[in-house]
């Protein structure tokens, strides 16, 4: 960010970016880290990288609709990021509900894994997917990181940026709810 752009408010940068798209980069420099932290708290670090990129791309594409009466673009950017986070969560829930209905995981697996899974699961995949879909996002995220990715509690805490005690309580709650659903079936 140059000295000149550092002194400009967000609305002026957006206004100038109509003629000089490079001006918009100053907004990224100002707010990308904050938006990333917010999204990472909601979805985890890996998803946050994608959401932040999508947020600024969407903002850049819609910059001509920005209301220049507001000198700070930060709330506008958080609004875009929040919409993308919600879309991400809906997609995850749809995937889990589809798995619950069909019993087919869209991710490919080896034949050996398929055989082992089929023998051990004994047709419980649909019920488990339904139980996962019913969990809160935070509980589901912790459970999946432990069960699918084999992360330790400490690694989950680090990955999600939450205290170790929160990981333990979320995992306990998620296991309890999943067990209850599976025992009902």
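Residue numbers (the numbering used here): 8 to 192.
Quick reminder that beta carbons are idealized off the backbone N, C-alpha and C, glycines included.
Contact belief for residue 144 with residue 96 at Cβ below 8 Å, rounded distance in angstroms: 6 Å
Three-state secondary structure (DSSP) of residue 69: coil
Contact under 7 Å by Cβ, residue 168 with residue 133: no
Integer-rounded CB distance, given that residue 18 should sit under 8 Å from residue 77: 6 Å
Inter-residue spacing [alpha-carbon to alpha-carbon] between residue 15 and residue 45: 24 Å
Buried versus exposed call for residue 156 [16 or more other C-beta atoms within 10 Å across all chains shown]: exposed
C-beta atoms of residue 149 and residue 106 nearer than 7 Å: no
Residue closest to residue 136, alpha-carbon to alpha-carbon, out of 165, 153, 163 and 102: 102
Where the alpha helix (DSSP H) through residue 21 begins and ends: 17 to 24
Top-ranked residue by Cα proximity to residue 84, from 108, 11 and 59: 59
Buried/exposed call for residue 70, threshold 16 Cβ in 10 Å: buried
Close-in-space but distant-in-sequence residues of the same chain around residue 55 (CB under 7 Å, 5 per side omitted): 43, 46 and 47
CA-to-CA distance, residue 139 to residue 189, given in whole angstroms: 11 Å
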